[in-house]
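Chemist: Quick one: the structure is below, questions incoming.
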Amino acid sequence: MITPMTATGSPEASLARSAGGGSVIVVDDNPANLKLMEEILLPRGYQVSSFPRGRMALIAAAQAPPDLILLDINMPEMDGYEVCQRLKSSPHLSDIPVIFLSALTALEDRLRGFRSGGVDYISKPFQIEEVQARVETHVRLRQLKQELETDNDRLQGLVEAQVKKIADAQLETIFAIARLAEARDDETGRHLERIQTLSRLLAIGMRETGKHKAVIDGSWIANIFHASPLHDIGKVATPDRILGKPGKLTPEEFGIMKTHAAVGAQTLRTVHEKYSDNEYISMGIDIAQSHHERWDGTGYPDGLSGADIPLSARIVAVADVYDAIRSKRRYKPAVPHGETCTIILGESGKHFDPDVAAVFSGLANTFRDVWNTMDH
């Protein structure tokens, strides 16, 4: 800790500091000038720290940034111009206003002071009223700027909180619509919540492989978590006689069932027209449209294959099939975890993206634990 050269422990100084006028560092190699500045500023309520060298003042300012620096120009070791330039080159100190103190009166000297970052200039010998007026002006400007920044930060926080509140409400509304589609099949239980969690696990695992690091970031993972429940939202348009049929669907019925992918995607496209920059809805369209596509091109509705299938849909496909196989439905019994894993891994390169299937293999036990925990 750098200690100011001049003591300020008198009763008058204590009273002045309690007034809270702001903090000022004075830098001058002349002790008489330092004492004079204290006598001018302390009664006005300023906390004054005095230093005979620029290097000492820089260290002190870094430890406790003041509201203002009064800086002599002609000093040994480091002149005022260099001290000011070093202050302005520091992100932590650059916004501290600097007033130069000098007996130099030439225009070029003043211009050099402003070019190095000074905001004002006080000529020696000092005029008390001038010093008080200039110091008060710049300290108050500094304090007003800080107050404005604080208010802006507070306002930004309020805006972000309100935006989050609105966004959360929108997510909850869309999730409720997705749940409505699933509710028509009353045996699915917590299917949507499981799909969210399992899809996020796979997305994180895919990121860790490094193959999709340019695509899969934290925002992308958050989007797939929120968008994955939209995969079957098109089922709201599927007739009850088909959706609730306990036996195997006829080819005609299955053809109708398959339309839910395109219907769901088109529904979300309508939403996306109003919110074109919403990445969550955009991903939801890909998932709804393509989560029944197959790696080998034999899926629906578009017969896409390989990497032409959106990555998000490839991930949700594995999560959805795992959950579907493990769940008891009207037309089939529940299948144990081990057998489910065998089925999925056997479809690697056929139904599923081999990379996603490989990640699933590494996460199989985690899938089992998550599914068992959420199976109610």
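Counting from 2, one number per residue, gives the positions in the sequence shown under my numbering. Even glycine gets a Cβ: it sits at the ideal position worked out from N, Cα and C. Keep in mind it's a predicted model, so treat the numbers as computed, not measured.
My parser needs the alpha helix (DSSP H) runs of 4 or more residues fully inside the stretch 308-347; what are they?
Modeler: 312-327 and 338-347
Chemist: Could you pull the DSSP bridge partners for Asp121 from this structure?
Modeler: Ile100
Chemist: What separation, rounded to the nearest whole angstrom, lies between the Cα atoms of Leu199 and Leu159?
Modeler: 33 angstroms
Chemist: For Ser283, which residues of its own chain have a beta-carbon under 7 angstroms away from its beta-carbon, when the five flanking residues on both sides are left out?
Modeler: His273
Chemist: Quick check on the DSSP output: the alpha helix (DSSP H) that includes Val84 runs from which residue to which?
Modeler: Gly81 to Lys89
Chemist: Measuring alpha carbon to alpha carbon, tell me which residue in Ile100, Asp233 and Asp297 is nearest Lys351.
Modeler: With distances taken between CA atoms, Lys351 lies nearest to Asp297 out of Ile100, Asp233 and Asp297.
Chemist: Three Cβ pairs or more, each shorter than 8 angstroms: is that satisfied between the stretch 50-63 and the stretch 23-31?
Modeler: yes
Chemist: In terms of alpha-carbon separation, which member of Cys342, Ile225 and Pro311 lies closest to Tyr281?
Modeler: Ile225
Chemist: DSSP state of Val216, grouped into three classes?
Modeler: Three-state DSSP puts Val216 in coil, outside helix and strand.
Chemist: Does the Cβ-Cβ distance between Leu193 and Phe361 come in under 9 angstroms?
Modeler: no
Chemist: Counting pairs of Cβ atoms below 8 angstroms between the stretch 301-308 and the stretch 341-349, do you hit three or more?
Modeler: no
Chemist: Provide the residue(s) that pair with Val28 in DSSP beta bridges, ordered along the chain.
Modeler: Phe52 and Leu72
Chemist: Who pairs with Phe353 in a beta bridge, going by DSSP?
Modeler: Partner(s): Ser349.
Chemist: Hey, is the stretch 96-103 in contact with the stretch 62-76, meaning 3+ C-beta pairs nearer than 8 angstroms?
Modeler: yes
Chemist: Entirely within the stretch 226-289 and at least 4 residues each: give me those alpha helix (DSSP H) ranges in chain order.
Modeler: 241-244 and 252-275
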